[in-house]
Amino acid sequence: KAGVTQTPRYLIKTRGQQVTLSCSPISGHRSVSWYQQTPGQGLQFLFEYFSETQRNKGNFPGRFSGRQFSNSRSEMNVSTLELGDSALYLCASSPQTGGTEAFFGQGTRLTVV
Amino acid sequence: AQRVTQPEKLLSVFKGAPVELKCNYSYSGSPELFWYVQYSRQRLQLLLRHISRESIKGFTADLNKGETSFHLKKPFAQEEDSAMYYCALSGSRAQKLVFGQGTRLTINP
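Going down the list, the protein sequences come from chains A and B.
Each residue of the first sequence is one higher than the one before, starting from 90 at the first, in this note's numbering.
Each residue of the second sequence is one higher than the one before, starting from 44 at the first, in this note's numbering.
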């Protein structure tokens, strides 16, 4: 089985721009979660989607949004980028929502300049 | 609210010595607890979960509800154990997976 795939792997954006990151989960997995990883804050939960519905949301501003398509692929969008948004964004997929093993992608490294 | 605390950011031990990575949690219900590991240049992956009560790569972890802890232990550390370790908690079904800050374990030869 192919693992979780995130694209692109690296991105450089300018303050004020917006960005869209993509995640393809493991085949058959219906839950996709997004995390922001930084050296200072560790892994912080952004949101989780299951069957195209947002099931959980972390404490991030509304500039961070996401969606899930009928094939379980997910995208997250960050608008009006700030320098502090520079981070590794990780996507994880699970067969179902909550309490099950999460399989992680390799992440998208976003740098805001 | 769910919270996971890993008090040690860095832990360094010698090869062959015992290892204990600490994890404390805060959750009012029945938690499901996990340890994830990230080796250099590899993706984050599940090491073990308390429900399975398995020993993976010589590591074990016991859930202590009285002390709200889920410490990760290995009796004899090996150099290949050097990695970043994250403790994570999920509540009842349909609750998000919350991670601790992580502990970087270094095994010295």
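Think of the CB as a built atom: it goes at the ideal place given N, C-alpha and C, for glycine as much as any other residue.
Bear in mind that the values here come from a model prediction, so they are computed numbers and not experimental data.
7 Å CB neighbourhood of residue i in its chain, flanking five on each side removed
i                        : result
glutamine 125 of chain A : Gln133, Leu135, Ala176 and Tyr178
serine 125 of chain B    : Leu148, Thr149 and Ile150
leucine 170 of chain A   : Lys102, Arg104, Gly105, Gln106, Gln107, Val108 and Val201
leucine 13 of chain B    : The first residue shown for chain B is 44 and the last is 152, placing residue 13 of chain B beyond what the model contains.
threonine 127 of chain A : Ala176
Cβ neighbours of residue i in the same chain (closer than 6 Å, five flanking residues each side left out)
i                         : result
asparagine 166 of chain A : Thr109 and Ser154
threonine 146 of chain B  : Gln49, Glu51, Leu54, Leu64 and Tyr128
asparagine 145 of chain A : Glu137
Beta-bridge partners of residue i, as assigned by DSSP
i                       : result
arginine 92 of chain B  : B/Phe77
glutamate 63 of chain B : B/Lys116
tyrosine 129 of chain B : B/Tyr79
Nearest candidate by alpha-carbon position, reference residue i, set the options
i                        : options                                  : result
proline 184 of chain A   : A/Tyr99, A/Arg119 and A/Asp174           : A/Arg119
cysteine 130 of chain B  : B/Gln121, B/Ser112 and B/Pro118          : B/Ser112
arginine 86 of chain B   : A/Leu199, A/Gly194 and A/Arg198          : A/Gly194
glutamate 164 of chain A : A/Gln143, A/Thr186, A/Ala91 and A/Thr127 : A/Gln143
serine 140 of chain A    : A/Arg98, A/Ser111, A/Val121 and A/Ala191 : A/Val121
Proximal residues of chain B, C-beta to C-beta of residue i below 8 Å
i                      : result
glycine 194 of chain A : Arg86
Closer than 7 Å at the beta carbon, the chain A residues around residue i
i                     : result
valine 141 of chain B : Phe134
Amino acids of chain A, ordered along the chain, whose beta-carbon sits closer than 8 Å to that of residue i
i                      : result
arginine 92 of chain B : Glu190
Chain-ordered chain A contacts of residue i [CB-CB under 9 Å]
i                      : result
leucine 148 of chain B : Residues of chain A passing the Cβ test: none, with the nearest at roughly 15 Å.
leucine 54 of chain B  : By Cβ distance, chain A contributes nothing, its closest Cβ being about 15 Å from leucine 54 of chain B, past 9 Å.
Beta carbons nearer than 9 Å to chain B: which residues of the segment 132-161 of chain A have them? Going along the segment 132-161 of chain A in chain order, one finds Leu132, Gln133, Phe134, Phe136, Glu137, Phe139, Arg144, Asn145, Lys146 and Gly147 with a Cβ nearer than 9 Å to chain B.
Residues, ordered as in the chain, of the segment 58-84 of chain B that lie near chain A by beta-carbon distance below 7 Å: Look at the segment 58-84 of chain B: the residues with a C-beta under 7 Å from a C-beta of chain A are Glu75.
When Cβ atoms are compared, which residues of the segment 175-190 of chain A fall closer than 9 Å to chain B? Hits within the stretch, in order: Leu179, Ala181, Ser183, Gln185, Thr186, Gly187, Gly188, Thr189 and Glu190.
Members of the segment 98-128 of chain B that neighbour chain A once the beta carbon cut-off is set at 8 Å: Those would be none; no residue qualifies.
Select from the segment 110-128 of chain A all residues with a C-beta closer than 8 Å to any C-beta belonging to chain B, and list them in chain order. Contacts with chain B (Cβ-Cβ distance below 8 Å) from the segment 110-128 of chain A involve Ser122 and Tyr124, listed in chain order.
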